[in-house]
Every structure is written in structure tokens, then in C-alpha cells.
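Below: the structure, in C-alpha cells.
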Amino acid sequence: MDEWIVAGRYRVESLIGIGGTAHVYKAVRVDTGETVAIKMLRPELSQDASFIRQFRKEAQIAIRYHHRNIVETLEVGDEDGGLYIVMEYIQGNTLKDIIKTQGPLSHAVAVDYAVQIAEALAYAHSHQLVHRDIKPQNMLIDGRGVLKVSDFGIARVASVSTMTMTGKNVMGSVHYLSPEQAQGGYVDTRSDLYSLGVVLYEMVTGRVPFDGDTAVSVAIKHIQDRVIPPRRIRENIPPSLEKVILKAMQKRPAQRYQYAAEMINDLVRTLEEPDGDFVKLASGAVRMPSGSETENEGEQKPLVYLGTGKKQGKLRRKLPRRVIWRRVLIVFLLLCFAALGVLGVRWLQLRSQAAYQASLITEPLPRFIQMEETEAVTLLRDMGLEALIQTAYSDEYPAGTVISQLPEPDVRMQQGETVTLTVSLGEELLPIPNVEGLSLDEARTEIEAAGFQVGAVTVQSSDAPRDTVLAQSPLPAEEAVLKRGSLIDLWIARDAEGGSQATMPPVVGMGEQAALDYLESLGLTATIAGEEPSEIYAMGLVARQSPEVDSPIDADTEITLWISSGILQQWTYEYAARLEVEENDTQVVIWFDENGPDAAKIYDETLGQGRYGPIQLTAVGTQGGNKTITIYYNGVLHSSETLSPKEEES
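Numbering (our numbering), first residue to last: 1113 to 1762.
In C-alpha cells:
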């Protein structure tokens, strides 16, 4: 496809998926080289103001949460009227693809994947988020076997009552819908656990529990039909695992697992007790005992009158006193057992929650940048974390030191999670190409392809064809290497009629006198136009030149140089914007007031109703001192705030 840049910094490389609400693309962030996935909302949905508002709201919610088994949401934005979400890119297959290619999974593998999904749900549910679309197509598994749940884009706050079916519009895949979703009822965390039960059913049997020709027929089966027990399809499924699946897939939410932590405990226990009978399933109905089971044979039961009005005169046999007390005792014992069961479940839940909290690292991640690799790895292992090492060349950091880390410093993580460290290989040194005998254009191509730039081009009288490279500096040699981006100077041939015409060499960055002497050695004369501040070059260095590099020149060309008066002093201002928008389609513009009328626009977005933030904004000033941030809603001043510079750069 033609080059497509999203938000000015993501270069789209390929289409990797098509979903019900969006197309997903693989992209590369041009400034960092990071590979990401971008979900672009389908164009036809961009006309639905309600959907767009919910899309923005839920994407902003997802950005705040981080877990090793959840695909990370990086940012949300608007591109040419279309909404997009930038997410972590996972190199691997979906769980659906794995089931299709491998067939039914083993007990251990299925439980491993199910536990990872349940841990992601436990984290989301603890933050009042319901996924609502749990299915194997939304499970990505990388090369290390780590499963990540994606597509929290249609998750909603659990406390909000929502309808999942409106007419023929069914959100998510119908094969994994809970009965309450299929009926358009209230959805809570237990709906996700039902869908997880369906996914687990498919993992161990190789097929979904309910199928049909239409979405409606499948939805009705979720509501009405009994599921075929998994062991009738595959006998080698452990009985305890079958019961876990059947409990998760109970029609009534109250009879399922109530918390993801409960399901995790039972899943892990199936590995230790595959034939165990520790999973208790609720019976469909309580069977009332018959008279022969509760009373002595032949015993006469006295008659009493019950009821009034139309019911008056109906006879019912009065139960003996001992039978009544026996039933009272049975009911009392049942209530005691039920209370003990509730307390037991609560104890398991608290134990699971306590174990989860205990697994959180009490110390935030330190800053590993500039730290030696061995020191950083040792520190991570002492914290109970794993280190994934990547390497990259760096001109700034010595070889063996950490260049960057992910996650950033100060993030708290769960024990066993992985921190990615990028370690410097030092400066990238490349072999010097041999371009002698090539034409100037060919030499330039070779030099740039090798990772270097053409430096000064000097004309020399020669009988060789015009513009043939006669010599170069530095010279190529077997062991010679040069830093990437370095300059290679060339001497080219010109015949007698060619005069002294050449191209303008680069002198920016040289000292003033060194530049003048260098140009004089080439038979050229330069004048100093004056001084000007520079953001790059220190005082006394050439900050600008005319003509520009590689422009055609001869001995009579007027060359002008400007000398730096010093690096332009700057101050950095950071602002965390928190916005509360009361109406849809509100244009929010934030200005940074540098010096009166010379204000800079640092934020301009059209937002829907809701709360946003913190949105991290950065501005640079050259005057120093406090500055003013002003916020406008639809052109009307909403608020203002005074900022102090974060730090002074010189």
C-alpha cells in the first residue's frame, strides 16, 4: 500500500485483522521504531455519535490499566474523522488459530491458558471492568506462551447496567455469549466467566458447545439447551476439569463461579486432583420427599380445615409433631451447611485476593537507564522479575549499559512478570566503501548505502572522465571502520575546459577560523554575515551557510557564513490536563502563552461528553519565568492556570 502515516508518527505496514467494529493494522512508530497495532474504527460507525462517545470513553479507561495478560492500550485519537486506538503489538497466534491447527488441547495446556485468561479477568473485574466479548479470537499467545487478552474496547464499567442485544445487533461472537447477554439482560463479571467456560470447553473438545445455522438459533441454545458434558466428546478429559467447565457454564449466574479467583483455584487444583470431587454443581431443582419417605407406613393422619372463602372446606392431612420437628431439623442443618459453604467460598476468595496482593512488588521499578546490564538483571531478579534483553547501537551510551526500559520507572508489577531492557552495543562502526574510479553520482549512492555521507568534494585537473572519483578520505582498508553517518571527502576529475566548478562543501559546525581556512584551501572566499542564536551549535561555531551543501559553485561564488552566538536558552513546561466535557462535539483548545500575543496551541481536539485525563502536554519557552495555560471550550474561555518551568536547559 502507499505510505500511510497515522497521527504523524505511526507508519502503517499491513492489515492484520478485521473485526466487527474495526480494522487492525500493524504499524511502526517512526521516531522510536516500536512496532504497534492500530485499531481503526469502521467508517460506517463513525456516523454513530453514541458509539463514538462510548468508544472514546472506554479506550481512555483501558489506557489506565496494565497487566501482563492484557494487551496494553497506548493511546486513542482521531485521524481524518476516524477514531483509532494504538495497542501493544503481539507477535504470535490467536488461541482460535491454535485450536484450529492443533485440535483439542491437553489438560495442562488448556488449564494454563484458562488460568492466564482468568487472571486478566480478575484484574479487570477488580477495577469494575467487564470484558463482554471473551472468545479465543481475542486471545493472543506469544512465542513464550504468554497469553494476552485483547479487545477491551467494548468493555464497560461493571456498575452500569447495559444491554448486549438490541434487535438483530449482537455484540461479540454469539458462540461465546452468556445466556443473559443473549437475552439482552444485565451483564456483570459472571458473564465473562461463562464465556471463559465456553472457551475452555472448546480448548479441550475442539468444538464449541452450541452451534447453529444462524446467530439467533445459537443464542437460543445458550438460553434453553443443556450443554453436552465434555467427557461424552472426549473421554480423557479429567472429571474435575469437566465439572469446572459445567459450573462456569451454568445458565443462572448465581450458580456459576462468582469470582475469577474461585475459578483459578479450582483450575489449578484439577492439575493436582484430576479425579477429585471438589467442584460442587448446583442441582436443577430441589426434589421434595414423598409421603412414603417421610412418614411411617400405615400411620393415620388427622384432617384439618385450611383456607377461607372458595378454599374453605378443603381438607389437608395434619402432619405428626415428630415429622414437623424432623423437617425443621433438616432445614436447620441445610441452612448451616449453606452458611458454611458461603463462608468457605469467601475464605477462598480472600485467600486468593491476599495471594494476589502479596505477589505485587512493594517497590516501584527503578530507573535502569545508564545502569550496567549485569547490575540491572541482578536487581530485577532480586525483585522477583524476569529480564528480556534487546540490543541496539547507541552514540550516547557506552556498550553494555541500558538505553531504555519497558515499563517505565516507578511502575509496580507482579512477581514473575518481564521487564524489557534495551542494552547498548556502543557506536555502530561500519566498513569504509571503496568508491575510487566511480562517477560522483555512483560514489554518492555507494557512500549513503554504506551508512555514510559525502563530505567535501574537491576538483582536481585530470585526464580521467569528468566527475570520476580520483581519491577519497578516509581510505578503505581491510580493518578500517568508521562511525555511521561520518563524512567521506572526495576528489573528482575535471578537464581543462571544466574550470574550477565544484559543489559547496559542508562547513556548518566548524569553528569560524577553521571554516574560513578550509574554504580558502579550496580556492574559495567566504564572508561572515554576523551572529545568530542556535539551538544546536555552541558559540563561535558556524550555525548556517549559503549556498547550501552540494550546491554548484565556482571560484567567484559568494559564500556567506553565520556564526552562533550561543545555544538558545530554553525552559520546559509540563502540564497534565484534566478535562470535564459536558456536551458532545466540544472543541477543546489549550494555549501556552509564551509572550503575550505569541501564544502556541499545544492541544486541539473535538471531544464527546465525559472526563479525560491526565493528558500530558509539553511546551518550550525561551523567555523563562512563569507562563499561562488557557483552555477554551468551543472558543469560550473555560479556565486558565499558571505554570512554572520544570527545568532550565542550557
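Note that the Cβ used here is the ideal one computed from N, Cα and C, for glycine as well.
Comparing C-alpha positions only, which one of the options sits nearest to residue i?
i	options	result
Gln1295	Val1700, Ala1712, Gly1129 and Arg1364	Arg1364
Thr1185	Val1198, Leu1497 and Val1535	Val1198
Val1261	Asn1377, Ile1182 and His1334	Ile1182
Trp1683	Thr1730, Pro1617 and Val1223	Thr1730
Thr1206	Leu1259, Leu1217 and Val1223	Leu1259
Gly1194	Lys1212, Ser1574 and Phe1167	Phe1167
Ser1329	Asp1143, Pro1291 and Gly1297	Pro1291
Leu1496	Thr1698, Asp1337, Val1748 and Gly1528	What sits at residue 1496 in the sequence shown is Gly, not Leu. Checking every option, the nearest Cα to that of Gly1496 belongs to Gly1528.
Leu1532	Thr1144, Tyr1505, Ala1488 and Gly1563	The sequence shown places Thr at residue 1532, rather than the Leu named in the question. When only C-alpha atoms are compared, the closest one is Ala1488.
Thr1530	Arg1154, Val1221, Leu1441 and Arg1256	Arg1256
Asn1250	Lys1208, Asp1629 and Asp1553	Lys1208
Gln1482	Pro1521, Leu1452, Pro1476 and Pro1248	Pro1521
Ile1211	Val1316, Phe1390 and Val1701	Val1316
Leu1127	Trp1116, Leu1241 and Arg1121	Trp1116
Glu1644	Pro1248, Tyr1630, Trp1674 and Glu1624	Trp1674
Leu1594	Ala1626, Glu1539 and Gly1623	Glu1539
Gly1678	Thr1639, Thr1669, Gly1623 and Ala1688	Gly1623
Ala1232	Ala1220, Gly1215 and Ala1174	Ala1174
Would you decide whether residue i is buried or exposed? Buried here means 16 or more other CB atoms lie within 10 Å of its CB.
i	result
Pro1321	buried
Gly1733	buried
Leu1444	Per the sequence shown, the amino acid found at residue 1444 is Phe instead of Leu. The residue is exposed, with fewer than 16 neighbouring Cβ atoms inside 10 Å.
Ser1285	buried
His1287	buried
Gln1203	exposed
Val1700	buried
Ser1646	buried
Asp1705	buried
Met1390	The amino acid at residue 1390 is misidentified as Met; the sequence shows Phe. Phe1390 should be labelled exposed.
Ser1352	buried
Arg1344	exposed
Lys1758	exposed
Val1535	buried
Using the three-state DSSP reduction, which class does residue i fall into: helix, strand or coil?
i	result
Phe1704	strand
His1178	coil
Tyr1687	strand
Gln1502	strand
Pro1543	strand
Asp1662	coil
Glu1520	coil
Arg1493	helix
Asn1408	For Asn1408, the pLDDT reaches just 37, beneath the cut-off of 50, and the residue's location in the model is therefore unreliable, leaving the point undetermined.
Gly1284	Caution applies to Gly1284, whose pLDDT of 42 falls short of 50 and renders its modelled position unreliable; the value that the coordinates give is listed next. Note: Gly1284 maps to coil in three-state DSSP.
Val1581	strand
Pro1478	coil
Val1748	strand
Ile1340	coil
Gln1367	helix
Ala1511	coil
Pro1645	strand
Ser1352	helix
Val1535	strand
Thr1672	strand
Ala1331	helix
Thr1144	coil
Val1320	coil
Met1375	helix
Val1380	helix
Asp1716	strand
Arg1562	Sequence check: residue 1562 is Ala here, not Arg. In this structure, Ala1562 counts as coil in the three-state DSSP scheme.
Lys1392	coil
Thr1326	coil
Is the segment 1586-1595 touching the segment 1553-1561 in the sense that three or more CB pairs, one from each, lie closer than 8 Å? Too few Cβ pairs lie closer than 8 Å, so no.
Which runs of the beta strand (DSSP E), 3 residues or longer, sit entirely within the segment 1584-1634? Fully enclosed beta strand (DSSP E) runs of 3 or longer: 1593-1595 and 1599-1606.
Threshold first: 4 residues or longer. Then list the alpha helix (DSSP H) segments lying entirely within the segment 1286-1314, N to C. List check, alpha helix (DSSP H) in window: 1291-1294.
3-residue-minimum beta strand (DSSP E) runs that sit fully inside the segment 1178-1258, ordered along the chain: Considered as a whole, the segment 1178-1258 harbours 1185-1191, 1194-1200, 1204-1206 and 1251-1254 as its complete beta strand (DSSP E) runs of no fewer than 3 residues, in chain order.
Spell out a yes or no on whether the segment 1220-1240 and the segment 1305-1321 are touching, meaning 3 or more CB-CB pairs, one atom from each, closer than 8 Å. Yes: at least three Cβ pairs fall under 8 Å.
Closer than 8 Å is the cut-off here; do at least three beta carbon pairs connect the segment 1370-1382 with the segment 1300-1309? Segments in contact, yes.
Decide yes or no for the touch test of the segment 1694-1704 against the segment 1660-1670: beta carbon pairs closer than 8 Å, at least 3 of them. Touching, no, given that fewer than three Cβ pairs across the two stretches are closer than 8 Å.
Does the segment 1575-1585 come within contact of the segment 1612-1626, defined as at least 3 CB pairs closer than 8 Å? Touching, no.
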